[in-house]
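A quick write-up on the structure given underneath.
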Ligand SMILES: Nc1ncnc2c1ncn2[C@@H]1O[C@H](COP(=O)(O)OP(=O)(O)OP(=O)(O)O)[C@@H](O)[C@H]1O
Ligand SMILES: [Mg+2]
């Protein structure tokens with residue numbers, strides 16, 4: 001955590017709509033070093049929005065505001081399109097939430113992975129193919145050559161998710177936002193994928209933002225955790241200290257999570273207080 | 001089962017479906033034209049012998065035409081004649097309908113093909129641009145230009161076009177397919193003058209034919225352009241909202257790179273449908289345009305036949321138009337499979 005990779009201060013995203021403005025993210029502030037930062041929160045709490053805002057990909061008519069948003073010491077707001085093209089894919093990347101919709105349906109998997117290499121590494125076709133195959137193998141796809149030539153609709157959900165991971169990791173970014181990267185994977189493959197991400201953080205010094213619904217994975221895998229609710233960061237704490245969290249929402253989340261250590265007949269429900277968003 | 005066998009079976013099944021749908025559509029089409037022919041008040045015997053013929057000649061012809069046989073047999077005979085290209089004699093031209101059609105269709109084909117090329121070459125990029133820049137000035141300009149295309153009558157545009165580009169500026173030639181002194185210089189091999197002239201290396205005639213063609217083709221092209229652009233825009237807006245477009249940008253594609261390399265290939269299937277439909281309707285012949293430009297095409301031929309109760313010509317023309325529609329639909333189906341891997345078995 002020596003060096004700050006990403007620094008976010010009062011980042012807000014709003015979507016003006018017919019029935020008023022949606023505040024998808026409200027004054028979020030956090031920093032990220034070369035570490036694993038988890039983001040948890042219920043559906044619609046703004047996790048994906050935070051990731052997209054960092055990559056400068058909030059769709060129109062969304063509005064992004066921040067006091068500070070900088071990556072490796074350089075501000076990200078108001079960067080030129082050509083700057084962004086050099087940053088995205090190469091230095092920062094994002095494993096998208098839903099592989100079923102995030103892979104181009106009419107392009108072969110191999111082509112979609114090679115595209116990243118060819119855009120950034122100046123790879124030849126042959127070289128890009130080699131890297132892509134190696135990457136597919138790294139994410140534990142059993143028959144990389146077959147999958148390389150397949151179309152997204154021919155893959156299972158889990159394979160699609162791994163292809164997506166390969167596509168976003170092949171250019172070895174410094175910052176990776178992983179939006180529920182393991183939701184469609186069974187436990188063994190999930191562990192494999194987590195190990196790959198872990199290696200990238202510990203060995204290559206990548207910064208990882210790990211978005212998940214799964215408190216158990218986040219608390220065991222991440223260094224720190226942000227808990228989000230209604231577009232706000234409710235609390236930030238060390239992953240080991242989740243059980244000792246102070247905020248009532250976090251405590252409710254922890255209490256609502258099923259646990260094998262202390263099985264209960266009835267799981268607690270999460271009670272929300274409008275005052276938290278004030 | 002290995003990949004090759006699976007692929008062969010899938011292909012065979014596709015071919016069988018293709019032939020079956022072709023046959024079925026053709027039977028339907030001929031049945032409709034046959035019964036329309038029977039339902040009209042025009043006496044098929046009189047149409048052949050004329051109303052001055054004696055009772056004897058009339059009865060003979062009645063039998064020769066098989067009109068005493070059951071309807072289903074008559075239909076079978078009709079089908080047989082149609083399949084061998086016998087559509088009868090046109091009352092209006094006193095020529096076999098088939099040779100009439102072979103003469104007028106190339107004229108329409110030439111016009112329609114250049115028109116659809118213009119419509120595609122301008123309409124598709126304009127639609128992509130408008131869709132990608134939705135709600136901004138390129139979108140508004142393209143919408144206004146398209147709206148003009150919808151609301152202006154084609155004959156008015158034709159006359160104004162002739163007045164300016166032929167009459168005032170002299171950039172193009174006037175009505176008809178060729179200047180009179182070029183008529184019948186090249187042999188009508190295909191009937192498409194541009195092709196016939198090119199075969200014989202008669203480049204003067206080629207240029208002359210082109211200068212006759214370009215104005216009506218541009219006007220027709222403008223109308224299909226307006227439709228193609230509007231549809232392309234809405235397909236594009238749908239696709240640009242998809243997550244895979246964002247994923248492409250996360251990988252570092254530029255906005256336009258994501259538009260053309262990712263979203264655009266995904267609109268090919270609906271786009272082929274739209275272009276196919278426009279082309280089919282252009283091939284039917286555009287009566288108004290053909291009238292204004294004195295273009296001896298299919299639209300003019302069928303319309304004249306209709307006004308003169310020239311039944312053989314109308315039915316022959318209808319079957320031709322129907323066949324064109326079926327043909328283009330089947331060709332579109334074939335193209336879908338090339339552009340969308342989800343539609344290919346295996
Ligand atoms: N393009 C958009 N236009 C309008 N509102 C949007 C848009 N994208 C997201 N939102 C809104 O922003 C809020 C946060 O959405 P976001 O996708 O960030 O949630 P999330 O935490 O990722 O949820 P999930 O766990 O379901 O993925 C939601 O209320 C959502 O409706
Ligand atoms: Mg999300």
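Chains as they are written, first to last, in the working numbering: chain V, 1 to 278; chain G, 1 to 346. Each residue gets a CB set at the ideal place from its N, CA and C atoms; glycine is no exception.
| Check | Outcome |
| --- | --- |
| In this structure, does DSSP put residue 105 (chain V) in helix, strand or coil? | coil |
| Rounded to a whole number of angstroms, what is the C-alpha to C-alpha distance between residue 38 (chain G) and residue 76 (chain G)? | 14 Å |
| Tell me where the beta strand (DSSP E) around residue 22 (chain V) begins and ends. | 20-32 |
| Any heavy atom of ligand 1 inside 7 Å of the beta-carbon of residue 134 (chain G)? | no |
| Could you name the residues of the region 88-102 of chain V whose beta carbon sits closer than 7 Å to any beta carbon of chain G, in the order they occur along the chain? | 88, 89, 90, 93, 94, 96, 98, 101, 102 |
| At the 8 Å Cβ level, is residue 15 (chain V) part of the contact set with chain G, yes or no? | no |
| Pull out every residue of the region 129-161 of chain V whose Cβ sits closer than 8 Å to any Cβ of chain G, in chain order. | 151, 153 |
| Does the distance from the C-beta atom of residue 272 (chain G) to that of residue 134 (chain G) stay below 8 Å? | no |
| Using the DSSP secondary-structure output, state which residues sit across from residue 228 (chain V) in a beta bridge. | V:41, V:233 |
| Using DSSP's beta-bridge definition, name the partner residues of residue 201 (chain G). | According to DSSP, which records beta bridges pairwise, residue 201 (chain G) is partnered with nothing at all. |
| Any heavy atom of ligand 2 inside 7 Å of the beta-carbon of residue 100 (chain V)? | no |
| Using a beta-carbon distance below 8 Å, is residue 181 (chain V) in contact with chain G? | no |
| Give a yes or no on whether the minimum CB-CB distance between residue 37 (chain V) and chain G is below 8 Å. | no |
| In chain G, which residues lie with their C-beta within 9 Å of the C-beta of residue 274 (chain V)? | Near residue 274 (chain V) there are no residues of chain G at all, since even the closest Cβ is about 32 Å away, more than 9 Å. |
| Could you name the residues of chain V that residue 266 (chain G) contacts, counting a contact when the two beta carbons are closer than 8 Å? | 104, 105, 106 |
| Between residue 83 (chain G) and residue 161 (chain G), how many whole angstroms is the CB-CB distance? I'm expecting something under 8 Å. | In fact, because the Cβ distance is near 42 Å, the residues do not count as touching under 8 Å. |
| Using only alpha-carbon positions, find the residue among G:267, G:186, G:62 that is nearest to residue 245 (chain G). | G:267 |
| Taking C-beta pairs closer than 9 Å, name the residues in chain V that residue 253 (chain G) reaches, listed in chain order. | 85, 88, 89, 115, 119 |
| If I measure Cβ to Cβ from residue 157 (chain V) and keep anything under 8 Å in the same chain, skipping five residues before and after, which residues do I get? | 99, 100, 184 |
| Kindly indicate which three-state DSSP category residue 238 (chain V) falls into: helix, strand or coil? | strand |
| First and last residue of the alpha helix (DSSP H) that includes residue 68 (chain V)? | Per DSSP, residue 68 (chain V) belongs to no alpha helix (DSSP H); it is in the beta strand (DSSP E), 68-71. |
| Taking 7 Å as the cut-off, is the CB of residue 279 (chain V) close to at least one heavy atom of ligand 1? | Nothing in the structure corresponds to residue 279 (chain V), since chain V is present only between 1 and 278. |
| Check whether the Cβ of residue 127 (chain G) lies closer than 7 Å to any heavy atom of ligand 1, and answer yes or no. | no |
| By alpha-carbon positions, which one of V:192, V:106, V:128, V:95 ends up nearest to residue 181 (chain V)? | V:95 |
| Would DSSP call residue 269 (chain V) helix, strand or coil? | coil |
| Helix, strand or coil for residue 296 (chain G)? Go by DSSP, reduced to three states. | coil |
| Which residue spans inside the region 6-60 of chain G form an unbroken beta strand (DSSP E) run of at least 3? | none |
| When the Cα atoms are used, what is the spatial distance from residue 185 (chain G) to residue 81 (chain G)? | 34 Å |
| Any C-beta of chain V within less than 7 Å: which residues of the region 183-201 of chain G qualify? | none |
| Identify, in the order they occur along the chain, each residue of the same chain with its Cβ nearer than 8 Å to the Cβ of residue 45 (chain G), setting aside the five sequence neighbours on each side. | 58, 61, 62, 65, 67 |
| Would you say residue 74 (chain V) reaches chain G, if we count a Cβ-Cβ gap shorter than 8 Å as a contact? | no |
| Along the beta strand (DSSP E) that carries residue 211 (chain V), what are the first and last residues, could you check? | 207-212 |
| Which of the three DSSP states, helix, strand or coil, is assigned to residue 64 (chain V)? | strand |
| Would you grab the beta carbon distance between residue 10 (chain V) and residue 66 (chain V) for me? Rounded to a whole angstrom, and I think it's under 8 Å. | 6 Å |
| For residue 175 (chain G), which residues from the same chain have a beta carbon less than 6 Å from its beta carbon, with the 5 sequence-adjacent residues on both sides left out? | 293, 294 |
| Within the region 159-208 of chain V, note down every full beta strand (DSSP E) run reaching 3 residues or more, in order along the chain. | 175-179 |
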